[in-house]
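In UniProt numbering, the protein residues as written are 1 to 342.
From the three backbone atoms N, C-alpha and C, an ideal C-beta is built for every residue, glycine too.
Okay, structure first, notes after.
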């Protein structure tokens with residue numbers, strides 16, 4: 001486990017980067033369902049990363065150190081502010097335990113309460129809940145939670161429950177003063193008056209990676225959503241086919257095929273009384289594009305898929321009629337309102 005003893009801000013930032021990696025990267029001990037989802041951190045308004053030591057004998061006491069950062073209006077992370085944590089609890093626990101904590105601040109008011117007051121009591125005016133886990137967890141699960149604070153705790157390398165009710169995050173003013181070489185309050189640090197220090201670059205690298213992962217997940221979700229919408233649109237009721245098919249007459253069109261058996265069979269393509277245009281009569285062949293898929297239901301129907309380009313052999317003036325066309329060597333009739341003229 002990491003050292004809970006307070007140290008300088010550079011070391012605290014380095015420790016925070018290490019803890020975040022342990023909480024968010026898949027390892028032999030952390031499966032995909034045992035990591036903090038990228039969207040939880042990417043959408044956080046602030047977060048604190050600490051190491052905590054808990055000692056118990058009739059009562060328990062906890063203390064530790066770490067850093068807190070806030071999300072700036074431009075979406076970037078603020079400079080880190082050094083913090084400590086302290087709290088007392090009841091119970092008959094005996095022994096000492098060191099844990100790592102990641103505390104997610106979901107609302108601006110939680111960040112402001114700490115920044116303006118220099119401390120934040122968990123479980124007071126702000127509800128605390130164990131944070132959701134799992135790489136594939138849907139983002140809206142976290143959004144539906146009303147908890148102002150999510151907590152994640154690891155003890156001996158494993159996620160563990162911990163009660164932080166009554167614990168207090170405390171500003172370490174002297175540590176901030178030494179690192180930034182000036183008297184400065186957490187409020188000024190967390191609200192962007194101090195630029196991001198180069199000494200904390202490892203921490204910013206991993207924090208920025210969560211935003212990138214979240215945006216990539218969002219793009220993939222948008223693609224899947226668009227595909228679902230397209231499938232829904234395709235599944236909507238197709239335009240009605242013409243009410244009646246062309247009637248066969250004694251003057252039937254001879255199939256253009258070399259098959260002797262087909263020539264001896266009943267002609268499938270009748271000559272429509274309404275047909276008045278032939279390809280031979282046109283200056284150039286008529287070509288149409290299928291707006292919808294059509295699956296032939298009777299012999300002589302021409303089946304096609306959305307986007308197919310069909311050469312028209314015979315047509316009428318009406319689009320709400322059956323036309324005759326050719327596609328991939330097959331000739332047949334089709335509903336004209338399923339296609340559009342090129």
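- Contact between residue 167 and residue 85 holds: CB atoms are separated by about 6 angstroms, below the 8 angstroms threshold.
- Pairing residue 204 with residue 197, the inter-Cα distance amounts to about 10 angstroms.
- Residue 61: member of the beta strand (DSSP E) spanning 59-70, first to last residue.
- For residue 43, no beta strand (DSSP E) run applies, since DSSP gives it neither H nor E.
- Annotation: the continuous beta strand (DSSP E) that includes residue 334 extends over 330-335.
- Taking a 10 Å sphere around the C-beta of residue 153, we find 16 or more other C-beta atoms and assign the residue as buried.
- Within the UniProt domain "SH3" (283-342), the runs of beta strand (DSSP E) at least 3 residues long that lie entirely inside it are, in chain order, 286-290, 309-315, 322-327, 330-335, 339-341.
- When the alpha-carbon of residue 109 is set against those of 127, 95, 101, 97, the nearest one is in 127.
- When C-alpha distances from residue 340 are compared across 318, 193, 10, the shortest belongs to 318.
- Setting aside the 5 residues that flank it on each side, residue 15 is surrounded in the same chain by 2, each with a C-beta closer than 6 angstroms to its C-beta; the list follows chain order.
- Residue 83 sits away from residue 4, with the two beta carbons spaced by 7 angstroms or more.
- Taking all protein chains shown into account, residue 183 has fewer than 16 neighbouring C-beta atoms within 10 Å of its C-beta and is therefore exposed.
- Looking at the DSSP output, residue 127 bridges to nothing.
- For residue 174, the uninterrupted alpha helix (DSSP H) segment begins and ends at 173-180.
- About 10 angstroms separates the beta carbon of residue 80 from that of residue 186, a gap too long to meet the 8 angstroms contact definition.
- Residue 342 has its alpha-carbon roughly 20 angstroms from the corresponding atom of residue 330.
- Short of 7 angstroms from the beta carbon of residue 303, and not among the five residues preceding or following it, lie these beta carbons of its own chain, in chain order: 294, 295, 296.
- Scanning its chain for C-beta atoms nearer than 6 angstroms, with the 5 sequence neighbours on each side dropped, one finds around residue 120 the residues 113, 114, 169, in chain order.
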